[in-house]
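Mind the numbering: the sequence shown is residues 1 to 124 in UniProt numbering, read in order.
Ideal Cβ positions, reconstructed from N, Cα and C, are used throughout, including at glycine.
Below is one structure, written out as structure tokens, with a few remarks after it.
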Amino acid sequence: MSFEVQGRLHEIFDEVQVSEKFRKREFVLEIPDGSFTQHVKFQLTQDKCSVVDQYKIGDEVKVNFNLSGKPFTKNGTTMYFTNLQAWRMEKAGAGGGNAGNGRAEQPATSSPFLTEEIDNDLPF
């Protein structure tokens, strides 16, 4: 699943060598959401780790990312992990599009479980 969101760079973490063949780098975007601001962490991996190098804290950027989730079972207990895998980043407003709305876009192949308008009162 591919999505796009715009926000302000809040934090950029150092690259981490997880194993001999795998490295990752994370960053956090501030995304306006009505009267609340969401702080969302994304992950870059392998050759994409340097994508964030040309930006600094406070820059307004547009991020393209894939959403993935995996179960992990240990001692009979299953936990679920979600990852926002960034694969492209550009200055906000570059290339037109829906820059400025600060909301994740639905993918072209819509799922009945995904909607743009989610109405709930949860504080997170």
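Practice problem: Compare the Cα-Cα distances from PHE27 to each of THR37, PHE42, LYS21 and report the closest residue. | Solution: Checking every option, the nearest Cα to that of PHE27 belongs to PHE42.
Practice problem: Taking only the alpha-carbon atoms, compute the straight-line gap between MET79 and LEU44 and give it to the nearest angstrom. | Solution: Their Cα atoms are separated by approximately 22 Å.
Quiz item: Among all the DSSP beta bridges, which residues are the ones paired with HIS39?
Solution: Beta-bridge pairing links HIS39 to GLU30.
Quiz prompt | Straight-line Cα distance separating GLU60 from ALA99 | solution = Residue placement at ALA99 is poorly supported in this model, since its pLDDT is 38, which falls under 50; the coordinates are not used for a value here.
Exercise. Might you give, ordered along the chain, the residues of its own chain that have their beta carbon closer than 6 Å to the beta carbon of ALA92, omitting 5 neighbours on each side?
Key: GLN6, GLU60, VAL61, LYS62, ALA99
Quiz item: Whose C-beta lies closer than 6 Å to the C-beta of LYS70 among residues of the same chain, with five residues either side of it excluded?
Solution: Only PHE81 meet the Cβ criterion.
Quiz item: My guess is that GLU15 and ARG25 are in contact by the Cβ rule of under 8 Å, so how many angstroms apart are they, rounded?
Solution: 4 Å
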